[in-house]
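Comments concern the structure below.
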Amino acid sequence: MTANLPALQVLIPLLAAPLCVLLRTPNAAWAVFAAASACSFVFAIGLLLTLPAAGSISYAMGGWPAPFGIVYVIDAANAWMLVLVSGAAVATAVYARVSIAAEIEARRIYLYYACLCLCLTGLLGIVSTGDAFNIFVFLEISSLSSYALVAMGRSRRALLSAFQYLVVGTIGGTFLLIGIGLAYALTGTLNIADLHARLPGADNRALIAAIAFIGIGLSIKMALVPLHAWLPGAYGEAPSAASLFLAACSTKVAVYALLRFLFSAFGIERSFAVLPLTQIGLLAGSLAMLVGAAMACLQTDLKRLLAWSSIGQIGYIVAGFSLATHDGLRASFLHLLNHAVIKAALFAVAGMLVLRLGSARLEALAGLRQRLPLVFAALLLAGLGLIGMPLTAGFVSKWALVQALIAEAQWVIVGAVLVSSLLAVVYVGRVVEIAWFREPSGATTAIAPIPLSMQLVTWALVLLSLWLGLDSALPAQLAGNAADALLGGPR
């Protein structure tokens, strides 16, 4: 059973998707998605616990060994990512039952859960596979299901946002496929470890083109400025549970895929020594920090504010790994984990507001401290983590990034980190000011209690983010091990 875990944690949600469609009832489809998510989460924890003794775990699909067959490889760089993605799916499953019933037509709910199963399958497959073309296949599975999830949003703008997401995402996928095709033409293999061994010297033009195409394609998928146009609409208009899941996992998995290509497939000596990826990454990361934070300050809707904030947070992650150092990679992985938890908590809060206030517009938050004190407390605590206040998870990873940047004398980027953090104070402070000090306009109506399941998920995420800030030993160790695994070469 243990030997089959790498395949099972992808296969079970894949089989769950058509089962949701066959059952065709909301409660049954929810149960299937919840069970599939729980199984994947348990399997991911089992792989993470097995890893220290095993070093790495390989699974040859169909018994075909690498490089002839497709191999799943679990190591220190992706085992904890599996826990993150499947854990976010479990949280989404618990959160979604009441939320989705209020936001989506009953006749579409089973399709919604089928799409969630497919999205989970794609994200877990990207993280698990050791095959370059398989990364593309799983990326398209997750992307196509994400387009459908966004399109099921309550407003008509959801369809426009989904279409924009589809068009831009298709361009990103095409760029990725072209890059993988060039790499295959150079080496005759798609296995990541074998591809690394067969690549020509770094001055090969086809190789440079392959790195460029893959880099641009995955930068679109992770919404790196200036390739970010799809994200605000997608996160802002998607149903609340979908926003929670996508914000926690979607762009983070795209970052992981890019890191696998740059460090494991092409190698640091080809990716960074010849191409100016460090300079490009630091510039793009700085722009993302500043543009994302500045645009968040201008938003009038909480979900869109959080979406623009996510664009800025991606900049921190990109700036870290662009240094191509152990400390930079460690900071990137650490912020990837911390931001996933914090942003999931904040989108969970936004979903509760949509359910009970009918809107996530900032003006609807007036008087929130008196009307919904527990929701306000969750919003405040998670918002402090987004800013990077001391004793929060956001502070831990931002401080690790600043230390890595100082070690490389990247003072301009340090300045960008500080400015974007100050802008985060502005947009989070604006939300808190409206919720705490302003009185609601018009007559106030009684607010029905928020479902316990949604409150439990939200507070579990908030408390987890606080714990990651108060005791960062475990996440720091996982991030350090992940950096070691990538810098150690192909897997």
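What the sequence shown shows, in the numbering used here, is residues 117 to 607, in sequence order. Quick reminder that beta carbons are idealized off the backbone N, C-alpha and C, glycines included.
Helix, strand or coil at residue i according to DSSP, with G and I counted as helix
{"i": "Arg477", "result": "strand"}
{"i": "Val137", "result": "helix"}
{"i": "Asp310", "result": "helix"}
{"i": "Thr245", "result": "strand"}
{"i": "Gly596", "result": "helix"}
{"i": "Val341", "result": "coil"}
{"i": "Ser174", "result": "strand"}
{"i": "Ile458", "result": "helix"}
{"i": "Ile90", "result": "As displayed, the chain neither begins before 117 nor continues past 607, which places residue 90 out of reach and without an answer."}
{"i": "Asp443", "result": "helix"}
{"i": "Pro606", "result": "Legend: pLDDT at Pro606 = 45, less than 50; position of this residue unreliable, value from coordinates given subsequently. In the structure shown, Pro606 sits in coil (DSSP, three-state: anything other than H, G, I, E or B)."}
Straight-line gap, residue i to residue j (C-alpha atoms, nearest Å)
{"i": "Ala195", "j": "Ala160", "result": "7 Å"}
{"i": "Ala326", "j": "Val187", "result": "22 Å"}
{"i": "Ala205", "j": "Asp319", "result": "43 Å"}
{"i": "Ala322", "j": "Pro316", "result": "10 Å"}
{"i": "Trp180", "j": "Gly501", "result": "46 Å"}
{"i": "Ala222", "j": "Gly295", "result": "42 Å"}
{"i": "Leu469", "j": "Met268", "result": "18 Å"}
{"i": "Val369", "j": "Ser448", "result": "13 Å"}
{"i": "Leu450", "j": "Leu594", "result": "8 Å"}
{"i": "Val518", "j": "Ala145", "result": "45 Å"}
{"i": "Val530", "j": "Val126", "result": "39 Å"}
{"i": "Thr416", "j": "Leu452", "result": "26 Å"}
{"i": "Pro606", "j": "Ala301", "result": "The pLDDT assigned to Pro606 is 45, lower than 50, so where the model puts this residue is not dependable, and the model offers no usable value."}
{"i": "Ile458", "j": "Gly499", "result": "8 Å"}
{"i": "Ala404", "j": "Met338", "result": "11 Å"}
{"i": "Cys136", "j": "Ala154", "result": "16 Å"}
{"i": "Ala475", "j": "Ala152", "result": "In the sequence as displayed, the identity of residue 475 is Ser instead of Ala. Taking the straight line joining both Cα atoms gives about 31 Å."}
{"i": "Ala133", "j": "Leu234", "result": "6 Å"}
{"i": "Trp424", "j": "Val284", "result": "17 Å"}
{"i": "Leu422", "j": "Gly304", "result": "43 Å"}
Reference residue i, options the options, closest by Cα
{"i": "Pro567", "options": "Pro506, Leu490, Ala509 and Gly504", "result": "Leu490"}
{"i": "Ala540", "options": "Leu131, Trp146, Cys413 and Leu138", "result": "Cys413"}
{"i": "Met197", "options": "Gly545, Gln526 and Asn454", "result": "Asn454"}
{"i": "Ile59", "options": "Ala182, Leu163 and Ser581", "result": "Residue 59 lies beyond the residue range present for the chain, which begins at 117 and ends at 607; the question has no answer from this structure."}
{"i": "Ala589", "options": "Ser359, His344, Leu139 and Ser513", "result": "Ser513"}
{"i": "Thr286", "options": "Pro134, Leu496 and Ile336", "result": "Ile336"}
{"i": "Gly384", "options": "Ile427, Gly604 and Leu572", "result": "Inspection of the sequence shows that residue 384 is occupied by Ile rather than by Gly. That would be Gly604, whose Cα lies nearest to the Cα of Ile384."}
{"i": "Ala373", "options": "Arg314, Phe437, Ala409 and Arg485", "result": "Phe437"}
{"i": "Ala482", "options": "Ser402, Arg546, Leu343 and Met338", "result": "Arg546"}
{"i": "Arg376", "options": "Thr141, Thr245 and Ala182", "result": "Thr245"}
{"i": "Ala217", "options": "Thr141, Ala299 and Pro168", "result": "Thr141"}
{"i": "Phe157", "options": "Ala209, Pro183, Gly185 and Met177", "result": "Ala209"}
{"i": "Thr166", "options": "Gly178, Pro122, Ala151 and Ser153", "result": "Pro122"}
{"i": "Leu534", "options": "Pro556, Leu340 and Ile503", "result": "Ile503"}
{"i": "Phe379", "options": "Ser359, Met411 and Ile330", "result": "Ile330"}
{"i": "Ala176", "options": "Gly185, Ala170 and Ala169", "result": "Gly185"}
{"i": "Leu298", "options": "Val542, Ile242, Glu219 and Phe249", "result": "Phe249"}
{"i": "Leu311", "options": "Leu362, Arg386 and Ser277", "result": "Arg386"}
{"i": "Leu439", "options": "Ala456, Thr394 and Arg477", "result": "Thr394"}
{"i": "Pro183", "options": "Ala516, Leu306 and Ala170", "result": "Leu306"}
{"i": "Ala147", "options": "Ser359, Ala207, Ser202 and Arg213", "result": "Arg213"}
For residue j and residue i, believed in contact at Cβ under 8 Å, the rounded distance
{"i": "Val465", "j": "Thr574", "result": "6 Å"}
{"i": "Ala480", "j": "Leu488", "result": "Ala480 to Leu488, Cβ: 11 Å. No contact."}
{"i": "Gly333", "j": "Gln280", "result": "Wrong, their Cβ atoms sit about 17 Å apart, outside the cutoff."}
{"i": "Gly467", "j": "Ala357", "result": "7 Å"}
{"i": "Leu232", "j": "Leu200", "result": "Wrong, their Cβ atoms sit about 16 Å apart, outside the cutoff."}
{"i": "Ser581", "j": "Ala461", "result": "6 Å"}
{"i": "Val434", "j": "Gly397", "result": "5 Å"}
{"i": "Ala509", "j": "Gly585", "result": "4 Å"}
{"i": "Leu391", "j": "Ile308", "result": "The Cβ separation is near 19 Å, so there is no contact."}
{"i": "Ala409", "j": "Gly428", "result": "4 Å"}
C-beta neighbour in chain B for residue i, strict 9 Å
{"i": "Ala400", "result": "Among the chains in the structure shown there is no chain B, since it carries only a single protein chain."}
Practice problem: Would you be able to state if there are at least three C-beta pairs under 8 Å between the region 586-605 and the region 191-209? | Solution: yes
Quiz prompt | Three CB pairs or more closer than 8 Å across the region 521-529 and the region 437-456 | solution = yes
Quiz item: Touching or not, the region 264-284 and the region 351-365, by the rule of three or more beta carbon pairs under 8 Å?
Solution: yes
Quiz item: Does the region 253-262 come close enough to the region 221-229 to have 3 or more Cβ pairs within less than 8 Å?
Solution: no
Practice problem: Determine, using beta-carbon pairs with one atom in the region 260-267 and one in the region 232-244, whether at least three such pairs fall under 8 Å. | Solution: yes
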